[in-house]
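Residues in the sequence shown are numbered consecutively from 48, following this note's numbering.
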Amino acid sequence: MQLLDWPFLDALQAGALFALFISFGTDAFSRRDRMMGWLSLTCLLVGLRHIALVIGTLPSLNPDLVDRAQSLLVTFGFITLCTALAQLFPRHVPSRFPVWIALGMTPSYIRNLLLQHPSPWDTGLHHAANLTYLVGCGLTIYWTLRARQDGDPMGRRLFLGFLGLTLPVVVEIAALSLFDMKVRLSGFSLVFLSMGVGTSWQWLKVSGMETRIQRAEAEVEVWRSLVPGNAFRTDRPSPLMEKTFGASWAERLKATPEAPLVGLDGATYRVRSRILHHQERIGWYERDEETQPGHHGFLSGWVVGLGMEEGAERDRIQSMLRVWGAEVQAWGTVPPREGPYPSVLLWAREPSILSVWREDDLARRRPRWIQIGGPTTEGPHARLEPRPQEEILRSTLERLLSRS
């Protein structure tokens, strides 16, 4: 007796399974996902089984050969499904579970590959193989229940589905073994089960990626709050950057990423950045205190009068003094006859400064005086050769300023 042995049902199940095979296979290939790959292979094998059943309705084909082919296909499909389950619940399903099922299907191999039909051993081996299906379904439900109890998200989502969709498999096996009735609806069960597993797996992956993205963004914000200075990204608006450097700050930074930026307040800012998304940049900036008056260099708070002719050498020394924190008064070749009087003098002319000033008593005003070039004279000062090196000028200033 055959019940619901209609070719269009097998064709319908085969079409749905082939659609899932293509969908899951593409996803498995693109993401290198083994679980989806095994699930896709399961859909392919069971789909081929139903195609064989459709073709087997043709009168020209040997029904015994069709039965052997469909039996082997569903056997291999069940093994690959168990492999997918081992990938789905790695903490609960033993990794050797598919091997156990493959060994348990030995009666099916013997029946379909070695024995001739009909055979006195055919029924017994068929029942033994069906028992393996039932044991596999029972273990699947048990391990899914354990996963649900342990708080596994896939176990919570799939337990009821596994419980409900394994019933048609049990009914099909029981009807065939006990009543010799063929109720071939297990393909629909696999369709719904595969859809449930696939969508749940996608949900789990997407949720995991969203969680990692949120954690990464939170970590980025923490690191950005720890960097010296103020962090920025050129692909995002920044009111602070716009207030400091103007509305075109992003374009300026991308055009010359290594150059210092001059703010609207006239101060110079050092910028450290790296490439982010092709032309965009991410980094931080800080005020370049060494180029600002009053910084915490060793000349901070000191006023230096610089008496030198205009030129590269004067610019070089003036730049060094400002880097060291001094407020520089460029006198040129003629010092002022009246104050203000600087704390330190750097004079690169003849020592006639003693007669140019209103009072010739430099000691009375107690300035520190460095003579660059010219004849050696007596007085409370230091003398350096023309074009002094940075280290020599710095050490001389430090020595003079350390005097009480």
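Positions of the beta carbon are idealized from the N, C-alpha and C atoms, including for glycine.
Residue i versus residue j: straight-line alpha-carbon distance, rounded
i, j, result
"G372", "S347", "4 Å"
"H428", "W416", "5 Å"
"I188", "I329", "51 Å"
"S247", "T153", "33 Å"
"E406", "D335", "With a pLDDT of only 48 at E406, under the threshold of 50, the placement of this residue in the model should not be trusted; the figure read from the coordinates follows. Those two C-alpha atoms are separated by around 40 Å."
"F125", "A116", "14 Å"
"S87", "F292", "57 Å"
"D199", "Q261", "21 Å"
"G72", "V93", "15 Å"
"T104", "V113", "9 Å"
"A58", "C90", "14 Å"
"C184", "T213", "7 Å"
"E257", "S70", "23 Å"
"R78", "P106", "44 Å"
"R434", "D362", "12 Å"
"L444", "V318", "31 Å"
"K301", "H324", "12 Å"
"T380", "Q365", "15 Å"
"G421", "V391", "18 Å"
"L172", "A99", "22 Å"
"A63", "R138", "31 Å"
"E437", "M367", "8 Å"
"P145", "P286", "60 Å"
"T315", "R81", "56 Å"
"A278", "V309", "17 Å"
"W349", "E305", "31 Å"
"D111", "Q163", "9 Å"
"F345", "V351", "13 Å"
"A66", "K252", "22 Å"
"T170", "I157", "12 Å"
"A133", "P54", "33 Å"
"A359", "A395", "14 Å"
"E357", "Y332", "33 Å"
"H174", "A149", "16 Å"
"K290", "W296", "9 Å"
"V370", "E268", "33 Å"
"G354", "E327", "47 Å"
"L448", "L311", "34 Å"
"C129", "W147", "10 Å"
Limits of the unbroken beta strand (DSSP E) element including residue i
i, result
"N277", "277-280"
"G352", "350-354"
"A429", "428-431"
Local Cβ density within 10 Å of residue i, reported as buried at 16 or more and exposed below that
i, result
"D282", "exposed"
"I439", "exposed"
"D197", "exposed"
"L393", "buried"
"F76", "exposed"
"R321", "exposed"
"S118", "buried"
"A263", "exposed"
"R411", "With a pLDDT of 49 at R411, under the threshold of 50, the modelled position of that residue is not reliable, and the figure given next carries that caveat. Exposed, because fewer than 16 other Cβ atoms sit within 10 Å of the Cβ of R411."
"P389", "buried"
"N109", "exposed"
"S155", "buried"
"W250", "exposed"
"P284", "exposed"
"P141", "exposed"
"Q60", "buried"
"F209", "buried"
"A131", "buried"
"T423", "exposed"
"G255", "exposed"
"A176", "buried"
Unbroken alpha helix (DSSP H) run spanning residue i, endpoints
i, result
"Q196", "169-196"
"V370", "359-370"
"A377", "Premise fails: A377 lies in the beta strand (DSSP E), 374-377, not in any alpha helix (DSSP H)."
"S295", "No alpha helix (DSSP H) contains S295, which DSSP labels as neither H nor E."
"Q529", "Residue 529 lies beyond the range of the chain shown here (48 to 451); nothing can be said about it."
"R441", "437-448"
Cross-strand partners of residue i (DSSP beta bridge)
i, result
"Y316", "L308, R334"
"E462", "Because residue 462 is not part of the residues shown, which for the chain are 48 to 451, the question remains open."
"R158", "Bridge partners of R158: none, in fact."
"G391", "For the sequence presented, residue 391 should be read as Val rather than Gly. The partner list for V391 (beta bridge, DSSP) reads V351, R415."
Any non-hydrogen atom of the ligand COA within 7 Å of residue i CB
i, result
"R446", "The ligand COA is not among the ligands present in this structure, which contains no ligands whatsoever."
Neighbour flag for residue i against chain D, beta carbons, 8 Å
i, result
"E445", "Among the protein chains of the structure shown there is no chain D, as only one such chain exists."
message = Going residue by residue through the stretch 97-147, where are the continuous beta strand (DSSP E) segments of at least 3 residues, counting only ones entirely within it?
response = Listed in chain order, there is nothing to give.
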